[in-house]
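Notes to accompany the following structure.
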Amino acid sequence: TVGCAAVDRHRRCAAATSTGGLMNKKAGRIGDSPLIGAGTYACRSCAVSCTGEGEAIIRATLARDVAAMMEYRGLRLQEAVDLSVKERLDEGFAGVIAVSGEGEVAYGFNTNGMFRACMTEDGFAEVGIWE
Amino acid sequence: MGQWAIAIHGGAGVDPNLPAERQEEAKRVLRRCLLAGAAALRADVPAVDVVELVVRELESDPFFNSGRGSVLTDKGMVEMEASIMDGAARRCGAVSGLSTVKNPVSLARLVMDKSPHSYLAFDGAEEFAREQGVEIVENSYFITDENVRMLKLAKEANTILFDYRVPLAGTETCGSIASAAIKGTPAASFQRMNGLPISVYSPE
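These protein sequence lines map, in sequence, to chains A and B.
With my numbering applied, the first sequence covers 1 to 131.
With my numbering applied, the second sequence covers 132 to 335.
This is the structure:
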């Protein structure tokens, strides 16, 4: 799975996710990536793309959950990502990347690693795989 | 005016024994795509165009399992899926079951921009792709030697492989994880879906 979340200088957030799914998946299986609210979501607060165990991400409506944490609980982006990954996935394994309308980046995962990279206008940049 | 920001991923659940050179290769691809996205944002390209551009770049690199080098179903076929959402207007588009579209994310974008729908799948999505004139490629573009080898491993292990890529050199690491999942070792808890060992899902 690959994905991107971005916010531009006009505070417009967007997200996209693309995948082949799981190796040896049953033909016809739909994962979380194309499901808006599960693997991908964007609104005025944030943009989110997920990766990992699709069935768990679908049950958790994980991408939308991050946005809801910000909208209804007033959490900051990283807090929303952390809470969603820790509290909403049950026994599932997944990773999340996100940006906020304020120009923040955040990520979280409960797998052993996640291929990821992020950058902000104020000079923060990171490329990583492991915790 | 706000500040731009960008985050990208290439999948979670990375093989813990991924060789250092493959880790460096992954980082190189990620860095290249990140810089492309950042340059576009600096040039005031709208966020929705940036995410499409970056995901297209990631889809075109066989290191990750979308687009070129896509994973295979139990039938040995490619079924790709993608979505895109523009948060400003809360518009979205999604596609599933693609087997010939070179860049699924761009077809998702066309569903959002050029169709009255949010989600098209399988034959309907392929037909829409041809109507829209998106780039179509032979199935062999997606099916690489590596993912054929991965499917063989998955079938031998009687499991679904989680979202990581295993290098050609050192594929024994994949086999060990898959076998562990079946034998109920600690790795088994890693390989679960809907609360059940992932091995029960394949073959159906």
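Glycine is no exception: its CB is placed at the ideal position from the N, C-alpha and C atoms.
Check: residue i C-beta below 7 Å from any heavy atom of the ligand SAH
{"i": "glutamate 104(A)", "result": "Questions concerning the ligand SAH fall outside what the structure shown contains, since it holds no ligand whatsoever."}
Closest by C-alpha distance to residue i, when choosing among the options
{"i": "glycine 54(A)", "options": "Asp122(A), Lys86(A), Gly95(A)", "result": "Gly95(A)"}
{"i": "cysteine 4(A)", "options": "Gly198(B), Val242(B), Ile215(B)", "result": "Ile215(B)"}
{"i": "serine 201(B)", "options": "Leu165(B), Leu282(B), Leu172(B), Ile274(B)", "result": "Ile274(B)"}
{"i": "alanine 60(A)", "options": "Ser45(A), Glu71(A), Arg73(A), Gly31(A)", "result": "Gly31(A)"}
{"i": "lysine 158(B)", "options": "Gly207(B), His140(B), Glu258(B), Asp146(B)", "result": "His140(B)"}
{"i": "isoleucine 93(A)", "options": "Arg29(A), Ile58(A), Thr120(A)", "result": "Rather than isoleucine, the amino acid found at residue 93(A) in this sequence is phenylalanine. If we check each option's Cα against that of phenylalanine 93(A), Ile58(A) comes out closest."}
{"i": "serine 227(B)", "options": "Ala219(B), Gly218(B), Asp254(B), Asp244(B)", "result": "Asp254(B)"}
{"i": "glycine 168(B)", "options": "Val186(B), Glu152(B), Glu156(B)", "result": "Val186(B)"}
{"i": "leucine 166(B)", "options": "Ala138(B), Met132(B), Gly218(B)", "result": "Ala138(B)"}
{"i": "glycine 21(A)", "options": "Glu91(A), Met70(A), Thr1(A)", "result": "Thr1(A)"}
{"i": "glutamate 71(A)", "options": "Ser100(A), Arg9(A), Gly128(A)", "result": "Ser100(A)"}
Check whether residue i and residue j have beta carbons under 8 Å apart
{"i": "glycine 52(A)", "j": "alanine 256(B)", "result": "no"}
{"i": "cysteine 43(A)", "j": "arginine 221(B)", "result": "yes"}
{"i": "alanine 15(A)", "j": "tyrosine 41(A)", "result": "yes"}
{"i": "alanine 47(A)", "j": "valine 7(A)", "result": "yes"}
{"i": "serine 18(A)", "j": "serine 246(B)", "result": "no"}
{"i": "alanine 98(A)", "j": "leucine 75(A)", "result": "no"}
{"i": "glutamate 266(B)", "j": "asparagine 234(B)", "result": "yes"}
{"i": "leucine 62(A)", "j": "serine 45(A)", "result": "no"}
{"i": "glutamine 154(B)", "j": "threonine 120(A)", "result": "no"}
{"i": "alanine 80(A)", "j": "leucine 161(B)", "result": "no"}
{"i": "aspartate 217(B)", "j": "valine 181(B)", "result": "no"}
{"i": "arginine 88(A)", "j": "aspartate 122(A)", "result": "no"}
Cβ-Cβ separation, residue j to residue i (assumed contact under 8 Å), whole Å
{"i": "alanine 225(B)", "j": "tyrosine 250(B)", "result": "4 Å"}
{"i": "glutamate 190(B)", "j": "valine 236(B)", "result": "6 Å"}
{"i": "leucine 184(B)", "j": "alanine 174(B)", "result": "Going by Cβ atoms, the distance from leucine 184(B) to alanine 174(B) rounds to 11 Å, so no, they are not a contact pair."}
{"i": "phenylalanine 115(A)", "j": "valine 145(B)", "result": "7 Å"}
{"i": "alanine 136(B)", "j": "glycine 103(A)", "result": "5 Å"}
Closer than 8 Å to chain D by CB, residue i
{"i": "aspartate 65(A)", "result": "Of the protein chains in this structure, namely A and B, none is chain D."}
Report yes or no: do the stretch 14-27 of chain A and the stretch 101-116 of chain A share at least 3 C-beta pairs separated by less than 8 Å?
-> Judged by pairs of C-beta atoms under 8 Å, the stretch 14-27 of chain A does not touch the stretch 101-116 of chain A, as fewer than three such pairs exist.
Name, going along the chain, the residues of the stretch 260-273 of chain B whose beta-carbon falls closer than 7 Å to a beta-carbon of chain A.
-> none
Which of the residues in the stretch 19-30 of chain A, read from start to end, lie with their CB under 8 Å from any CB of chain B?
-> Thr19, Gly20, Gly21, Leu22, Met23, Asn24, Lys25, Lys26, Ala27, Gly28, Arg29, Ile30
Positions along the stretch 77-107 of chain A whose CB lies within less than 9 Å of some CB in chain B = Within the stretch 77-107 of chain A, the residues whose Cβ lies closer than 9 Å to any Cβ of chain B are, in chain order, Asp90, Glu91, Gly92, Phe93, Ala94, Gly95, Val96, Ile97, Ala98, Val99, Ser100, Gly101, Glu102, Gly103, Glu104, Val105, Ala106, Tyr107.
Positions along the stretch 110-126 of chain A whose CB lies within less than 8 Å of some CB in chain B = Thr111, Asn112, Gly113, Met114, Phe115, Arg116, Ala117, Cys118, Met119, Thr120, Glu121, Asp122, Ala125
May I ask you to list, following chain order, the residues of the stretch 200-212 of chain B that have a beta carbon less than 7 Å from some beta carbon of chain A?
-> Ser201, Val202, Leu203, Thr204, Asp205, Lys206, Met208, Val209, Glu210, Met211, Glu212
Take every Cβ of the stretch 265-282 of chain B, pair it with every Cβ of the stretch 202-211 of chain B, and state whether three or more of those distances are shorter than 8 Å.
-> yes
Closer than 7 Å, Cβ to any Cβ of chain A: which residues of the stretch 152-175 of chain B, in chain order?
-> Closer than 7 Å at the C-beta level to chain A, one finds these residues of the stretch 152-175 of chain B: Gln154, Ala157, Lys158, Leu161, Arg162, Leu165, Gly168, Ala169, Leu172, Asp175.
Which residues, in chain order, does the stretch 215-227 of chain B contribute to contact with chain A at a C-beta distance below 8 Å?
-> Going along the stretch 215-227 of chain B in chain order, one finds Ile215, Met216, Asp217, Gly218, Ala219, Arg221, Cys223, Ala225, Val226, Ser227 with a Cβ nearer than 8 Å to chain A.
What residues in the stretch 232-243 of chain B bring their beta carbon closer than 9 Å to a beta carbon of chain A?
-> Residues Asn234, Pro235, Val236, Ala239, Arg240.
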